[in-house]
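All remarks here apply to the structure that follows.
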Amino acid sequence: MSTSSWELSPDLVSGLAEGIGFAQWLGDRVPVASYARISRSRPGAVGRQHLNNAAEAERLGWAVVCLYTDDGVSAADPEVPRPAFERMVRDLLPGRTREGIPIGGVIAVEEERLARTAADYTCLLRALSAMQSGCLYLVDTAELVDIPMTLQSLEKGVKPRGQVEVERMGQRRRRSIRDRAGEGRQSGGQRRFGWLGPDASECRPTNTILDAFESLYLREAVERALAGATWMSIADWLTAENVPTVRGGKWTIPTVQAMLTNPAICGYRVLDGVLVRNAATGEPVVGEWQPVASAEEWSTLVSRCDRWYSPDGDRRGYKDGRASRSRGSAPAPGRSGRAADSDSSRKYLLSGFLRCGYAGANAVCGTKMGGHPAHGTNRHASYRCSSSGCRKVGRRADMLDQYVEAIVRKRMDLTLERWQALDVKTKREVIASLIDEIVVRPIPKGRPRNAPFDPGLIEVIPKPTTTVGDSH
Ligand SMILES: [Zn+2]
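Terminal number for the sequence shown in our numbering: 472, no gaps in between.
Encoded structure:
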């Protein structure tokens, strides 16, 4: 027995029923779709997935606007349709629901819930990558999916986790226990970390008065970030101090980024991605709640990370610098056309080839490294480990590109001039024909950050069967 449904989130519906406009309800949050699926229908199971998604969305500064549910739809048979999944992908293409409510991304508990086959997942990621800043977040792995990179690995034939049927039953069971404990608890509404919840006896709304305990940590987190501490180190510090998050979840890089770049820390507010300003003076409107930072401090933090909030509405996220792929009124290109478009517009020469070489206690990290534009204190574009649990290795993109390009040119006997005449797509094909992967090792402890590029830390692993270049 299976049922599929899609509906506006109850919170949004009650907000609209109270006469609050959508823009006011949304505030400065990113509108996202929550997707839930379960193979064999059990009472409450999909509801708990949606609750998890909503709680995590809130921590990220996102708002669930629509719930898409495939209840009792098996993962085992990819031929069984998933009406809600298909509906969601159709709504993502124009970026709004049938009711006209905008959607800027998707949140789901894990990849297995979301995608049963590579074709499914590719469809979803293509729909997201066609948006200005479409985003996908997986709650269990606290993972903001790198959409371009994942699309590329799917195109290379890497199976999504759902297809290989990795059953992480232990993790699911633990989550389910946590959920049931959580269901007995009064929901805290949409309280922000650092502020008190509502107080009915004093008619005090939520998020106006600072919480004495949390606000100390929030302020110190602001100061650490201003002093240049990494988002990861702030998350680690809050974890080590046993400071609970609003929903009792983990401190992650996205949580910390969203918390410290939220305009609310200085009393500002972002509506529909744009800072609310006084119409007459043009000055930002200051809200009636206690701030923990100055406007200058907030703008410094946003200049370090504008993934979640931005004063000018240009929330770029990890699609930094990528041109919008809005297709306007032109006919939609076919799947292969879009794939080619995606590859030729790829900005980073080596994305998909690089693996993090950080060696932990048990194993080498091995996570793919993604390209990041120059930003704030990072004056050069770089490649960095994209695992939320590691992120220990990064390297300047221009130096790494040059080094690998020199190796490839030598192997192919190409002059610099001929190489530079190639487009990125062709260069990547040439690299793919010679190189399996490139492991980037961390810079040894004690070496200054501005030390010269060290080729000794780069291990280029050739394709096992390659014979190209042997004849030269
Ligand atoms: Zn790593």
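Glycine included, every Cβ here is placed at the ideal spot set by N, Cα and C.
Neighbourhood of residue i by C-beta, 6 Å cutoff - its chain only, sequence neighbours within 5 removed
| i | result |
| --- | --- |
| A54 | V64 |
| L8 | C66 |
| T69 | S5, A36, V46, A84 |
| A374 | H380, A381 |
| R396 | H380, S382 |
| L124 | V89 |
| P31 | A63, V65, P102, I103, G104 |
Residue i, enclosing alpha helix (DSSP H) - first and last residue
| i | result |
| --- | --- |
| W237 | 231 to 240 |
| R90 | 83 to 92 |
| A108 | A108 -> not in any alpha helix (DSSP H); beta strand (DSSP E) instead, spanning 105 to 108. |
| L260 | 253 to 261 |
| A118 | 118 to 129 |
| D11 | 10 to 17 |
| T150 | 147 to 155 |
| V302 | 295 to 304 |
| W25 | 22 to 26 |
Same chain only: Cβ atoms within 8 Å of residue i, ignoring 5 sequence neighbours per side
| i | result |
| --- | --- |
| S294 | C266 |
| L224 | It should be noted that the sequence gives Arg, not Leu, for residue 224. Contacts found: S233, I234, W237. |
| E283 | R277 |
| L416 | R409 |
Alpha-carbon to alpha-carbon, residue j and residue i
| i | j | result |
| --- | --- | --- |
| R307 | Y121 | 23 Å |
| L12 | V302 | 28 Å |
| R40 | S74 | 7 Å |
| L210 | L400 | 46 Å |
| Q257 | P464 | 41 Å |
| N207 | C135 | 27 Å |
| L114 | G446 | 43 Å |
| F22 | L16 | 7 Å |
| M259 | P291 | 13 Å |
| Y358 | G100 | 46 Å |
| K250 | S388 | 12 Å |
| G376 | C390 | 22 Å |
| R418 | K347 | 20 Å |
| P462 | L226 | 42 Å |
| V285 | F453 | 47 Å |
| N262 | G194 | 12 Å |
| T3 | M131 | 29 Å |
| E111 | D413 | 43 Å |
| T252 | Y268 | 24 Å |
Start-to-end residues for the beta strand (DSSP E) that takes in residue i
| i | result |
| --- | --- |
| H380 | It is not in any beta strand (DSSP E) - H380 carries neither H nor E in the DSSP assignment. |
| C135 | 135 to 138 |
| G370 | 369 to 372 |
| R396 | 394 to 396 |
| L354 | 354 to 356 |
Own chain partners of residue i with C-beta closer than 7 Å, once the 5 adjacent residues on each side are dropped
| i | result |
| --- | --- |
| D470 | At D470 the pLDDT is 40, less than 50, meaning the model places this residue with poor confidence; the figure from the coordinates comes in the next sentence. Answer for D470: no residue qualifies. |
| L144 | C135, Y137, P254 |
| V473 | In the structure as shown, the chain starts at 1 and stops at 472, and residue 473 therefore has no counterpart that could be examined. |
According to DSSP, residues forming a beta bridge with residue i
| i | result |
| --- | --- |
| D70 | S4, R37 |
| E437 | I461 |
| A63 | P31 |
| W195 | L210 |
| L275 | V270 |
| A421 | Per DSSP, none; premise fails for A421. |
| L544 | No information on residue 544 is available, as it lies outside the stretch 1 to 472 that the chain covers here. |
| A115 | Partner(s): none; A115 has no beta bridge. |
| A359 | V364 |
Cutoff 8 Å: residue i Cβ touching any chain D Cβ
| i | result |
| --- | --- |
| P444 | Going by chain labels, chain D is absent from the structure shown, which holds only one protein chain. |
Neighbourhood of ligand 1 [Cβ distance below 6 Å to any heavy atom], ordered by chain position: One residue after another in chain order, those with a Cβ under 6 Å from a heavy atom of ligand 1 are C356, Y358, C365, T367, C385, S387, C390, K392, V393.
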